[in-house]
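Residue numbers (UniProt numbering): 1 to 135.
The beta carbon of each residue, even a glycine, is placed where N, CA and C say it ideally should be.
These notes are about the structure you will find just below.
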Amino acid sequence: MTKSLFTNTIDIAAPIDTVQHWLIQPTALPRWNPDVSQVTPLDSQTWDLTRTKTALNQQEQLVLTTTPDSVTYTSTGGRLAYQLEFTLSTTPTGTLVQEKLTPQSSFPGLALMAPVAKQAFHHNLQLLQQLCLTA
Numbered sequence: 001m002t003k004s005l006f007t008n009t010i011d012i013a014a015p016i017d018t019v020q021h022w023l024i025q026p027t028a029l030p031r032w033n034p035d036v037s038q039v040t041p042l043d044s045q046t047w048d049l050t051r052t053k054t055a056l057n058q059q060e061q062l063v064l065t066t067t068p069d070s071v072t073y074t075s076t077g078g079r080l081a082y083q084l085e086f087t088l089s090t091t092p093t094g095t096l097v098q099e100k101l102t103p104q105s106s107f108p109g110l111a112l113m114a115p116v117a118k119q120a121f122h123h124n125l126q127l128l129q130q131l132c133l134t135a
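Right, dumping it as structure tokens:
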């Protein structure tokens with residue numbers, strides 16, 4: 001599968017370096033994604049994630065890749081494999097973050113879940129925004 005399930009955007013009044021700082025630290029995920037309860041490093045680019053709340057992926061492995069203007073999380077090991085790409089661009093007020101979720105496997109009813117997932121992921125972006133402004 002290569003078609004994205006949804007895209008979210010948010011403008012964060014902080015420089016790209018600040019936003020990228022939080023995105024490239026999976027151990028900081030619980031600070032802006034409250035459903036993630038535990039992050040365990042496996043090596044320098046791979047982490048195990050655990051959620052305490054009911055979720056499509058209660059547990060998953062996350063691989064982190066970066067470029068100067070993007071951060072990508074590739075998830076495997078859960079019921080849905082996916083890529084979550086954050087593209088960062090400079091704006092006059094800070095950083096525009098575009099978040100795109102692309103399933104890497106099929107899952108029955110995924111299209112029906114997309115609006116709820118999009119809203120939940122956008123809420124997490126709002127928490128990331130607050131973290132970038134206050135931490």
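Could you round the C-beta distance between residue i and residue j to whole angstroms and report it? I think they count as a contact, below 8 Å.
i                 : j             : result
phenylalanine 121 : asparagine 8  : 6 Å
tryptophan 32     : leucine 127   : 4 Å
glutamine 130     : isoleucine 10 : The pair is not a contact, with the Cβ atoms about 11 Å apart (cut-off 8 Å).
Measure the CB-CB distance between residue i and residue j and report whether it falls below 8 Å.
i            : j             : result
leucine 64   : proline 26    : yes
threonine 74 : threonine 2   : no
glutamine 61 : glutamine 83  : no
threonine 66 : isoleucine 24 : yes
leucine 88   : valine 39     : no
threonine 54 : serine 37     : no
alanine 114  : leucine 5     : yes
valine 97    : leucine 125   : yes
So if DSSP puts residue i in a beta bridge, which residue, or which two residues, is it bridged to?
i            : result
asparagine 8 : Glu99
serine 89    : Leu96
serine 70    : Thr67, Thr87
glutamine 58 : Glutamine 58 pairs with nothing; no bridge assigned.
Measuring alpha carbon to alpha carbon, tell me which of the options ends up nearest residue i.
i                : options                     : result
proline 92       : Ser70, Pro15, Thr76         : Pro15
glutamine 59     : Ala111, Trp47, Asp69, Glu99 : Trp47
leucine 80       : Glu99, Asn57, Pro115, Pro68 : Asn57
alanine 117      : Leu131, Leu133, Lys100      : Lys100
threonine 90     : Ser44, Gln45, Pro68, Leu42  : Pro68
phenylalanine 86 : Gly94, Gly77, Val71, Gly109 : Val71
threonine 52     : Pro30, Asp17, Gly94         : Pro30
serine 17        : Leu42, Thr95, Thr76         : It is worth fixing the name first, because residue 17 is aspartate in this sequence and not serine. Of Leu42, Thr95, Thr76, the residue nearest in Cα terms is Thr95.
Is the CB of residue i under 8 Å away from at least one CB in chain C?
i             : result
tryptophan 22 : As a matter of chain content, chain C is missing from the structure shown, which is built from one protein chain.
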